[in-house]
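The numbering used here numbers the first residue of the sequence shown as 88 and each following residue consecutively. Where a beta carbon is used, it is the ideal one built from N, C-alpha and C, also for glycine. Report on one structure; see the data block that follows.
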Amino acid sequence: MVKEEPQFEVVLKMVLWDEDREAIFRRLRVNKVTGERAELIYQAARAERVKSLRIDGLKGLGLGLGCLSISVACYFGFRLDELEVSRFGDGFIALPLLPWLLGLFASILLAFGIWKVIQGSIEILFASMKKGSIADR
88 MVKEEPQFEV
98 VLKMVLWDED
108 REAIFRRLRV
118 NKVTGERAEL
128 IYQAARAERV
138 KSLRIDGLKG
148 LGLGLGCLSI
158 SVACYFGFRL
168 DELEVSRFGD
178 GFIALPLLPW
188 LLGLFASILL
198 AFGIWKVIQG
208 SIEILFASMK
218 KGSIADR
């Protein structure tokens with residue numbers, strides 16, 4: 088198994104820090120790991136990096152879907168779609184404060200949920216193309 092190689096942990100750290108491919112293979116050559124074995128270690132480390140990035144994307148996607156469902160539940164659960172204006176006395180028209188605040192909360196949560204769903208989806212789809220260290224996340 089590639090992950091049991093003595094140099095795998097070092098290569099994994101270098102890949103997670105997004106070091107240059109040539110520097111990684113130079114390090115492997117110094118430690119007398121060459122050819123197909125070096126390539127297998129590198130590919131396994133790249134797969135770990137992509138897996139880690141996709142897990143982060145799934146967390147964002149889950150958060151976004153949760154926010155969207157809470158927003159929709161708030162909107163329809165409190166019947167904000169059937170909100171009516173109250174009339175008091177001689178023409179004083181008011182919208183009750185609590186439903187208005189719930190509507191504002193639902194709108195903000197909806198926008199945040201859409202943002203996180205899009206961000207999470209992009210992170211999942213383009214995880215293999217991400218540049219830079221994972222530690223910067």
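Q: Using only alpha-carbon positions, find the residue among Arg-133, Leu-103, Phe-95, Trp-104 that is nearest to Leu-115.
A: Phe-95
Q. How big is the Cα-Cα spacing for Glu-135 and Leu-185?
A. 48 angstroms
Q. Are at least three pairs of beta-carbons, each pair with one atom in the stretch 144-156 and one in the stretch 196-209, less than 8 angstroms apart?
A. yes
Q) Roughly how many angstroms separate the alpha carbons of Ala-101 and Trp-187, rounded to a whole number? A) The residue you asked about is not Ala; residue 101 is Met in the sequence shown. Approximately 52 angstroms, taken between the alpha carbons.
Q: Could you check if Glu-91 is buried or exposed, using at least 16 other CB atoms within 10 Å of its CB as the buried criterion?
A: exposed
Q: Sort Ser-156, Ile-111, Cys-161 by Cα distance to Gly-200 and report the nearest one.
A: Ser-156
Q. Where are the alpha helix (DSSP H) runs, 4 residues long or more, that stay fully inside the stretch 89-162, in chain order?
A. 95-103, 108-117
Q) From Ala-131 to Phe-163, what does the alpha carbon distance come to, in whole angstroms? A) 47 angstroms
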